[in-house]
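Using the UniProt record's numbering, the letters of the sequence shown map in sequence onto residues 1 to 164.
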Amino acid sequence: MNEADITTTVNGEKVERSVAVRTSLVDFLRYDLCLTGTHVGCEHGACGACTVQVEGAAVRACLMLAVQINGKQVATVESLGKPDALSPLQRAFSKHHALQCGFCTPGFLMTIDAWLGQLPAGYLPNDEEIRDMLSGNVCRCTGYQNIVEAVRELTRARANGAAA
1 MNEADITTTV NGEKVERSVA VRTSLVDFLR YDLCLTGTHV GCEHGACGAC
51 TVQVEGAAVR ACLMLAVQIN GKQVATVESL GKPDALSPLQ RAFSKHHALQ
101 CGFCTPGFLM TIDAWLGQLP AGYLPNDEEI RDMLSGNVCR CTGYQNIVEA
151 VRELTRARAN GAAA
């Protein structure tokens with residue numbers, strides 16, 4: 001089997017590994033690095049459960065190969081917060097009951113976090129913009145309204161200068 005050496009930074013930690021060139025990023029994160037917050041859903045890029053950030057952009061980890069992250073910065077849901085120190089986004093999800101079974105939640109969180117990082121300071125998106133941003137992630141439990149409410153509250157707090 002062909003292998004390649006990669007050096008990357010995952011959640012702020014330098015990682016050096018030899019990986020099979022056909023290893024998907026989602027498998028590398030879950031099985032080589034034991035970062036199981038990144039979920040395997042459809043394996044076709046349609047559901048968004050495997051969304052992580054590469055160089056700050058939300059990407060589907062099932063559609064990337066591990067060798068493609070060589071020399072790049074990767075963030076998984078584990079980078080957002082800890083159980084005893086949730087990020088503002090995670091707190092907003094909890095407050096608004098924006099998750100039920102939780103399977104899709106890591107993908108939503110990483111998608112939203114990347115999107116928030118691209119918003120101009122003080123910008124307040126409307127619900128249509130929020131729903132459009134969420135449209136690439138599938139949830140079979142929530143009906144999305146609570147997710148929209150969590151994002152709306154968080155963007156309002158950010159626009160008003162609250163730490164996010």
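Glycine included, C-beta positions come from ideal geometry on N, C-alpha and C.
| Item | Value |
| --- | --- |
| Verify whether the separation of the beta carbon atoms of residue 155 and residue 137 is less than 8 angstroms. | no |
| Measuring straight from C-alpha to C-alpha, what distance separates residue 143 and residue 103? | 14 angstroms |
| In the DSSP output, what is residue 5 paired with across the bridge? | 18 |
| To the nearest angstrom, how far is it from the Cα of residue 74 to the Cα of residue 52? | 7 angstroms |
| Using only alpha-carbon positions, find the residue among 151, 32, 34 and 117 that is nearest to residue 90. | 151 |
| Out of 34, 48, 17 and 148, point me to the one whose CA is closest to residue 94's CA. | 148 |
| Would you list the residues sitting across from residue 109 in a DSSP beta bridge? | For residue 109, which the question treats as bridged, DSSP gives no partner whatsoever. |
| Classify residue 149 as helix, strand or coil using the three-state DSSP reduction. | helix |
| Run through the DSSP bridge pairs and tell me what residue 51 is partnered with. | 60 |
| Tell me the DSSP bridge mates of residue 73? | 9 |
| Taking DSSP as the reference, what is the three-state secondary structure of residue 29? | helix |
| Return helix, strand or coil for residue 80, following the three-state DSSP convention. | coil |
| Just to confirm the assignment, what range does the alpha helix (DSSP H) spanning residue 140 have? | Looking at the DSSP string, residue 140 is not in any alpha helix (DSSP H), and its letter there is neither H nor E. |
| So, at 6 angstroms on beta carbons, what are the nonlocal neighbours of residue 87 in its own chain, with the 5 sequence-adjacent residues on each side left out? | 80 and 81 |
| Using a Cβ-Cβ cutoff of less than 6 angstroms, which residues in the same chain neighbour residue 43 once the five nearest sequence positions on both sides are dropped? | 62 |
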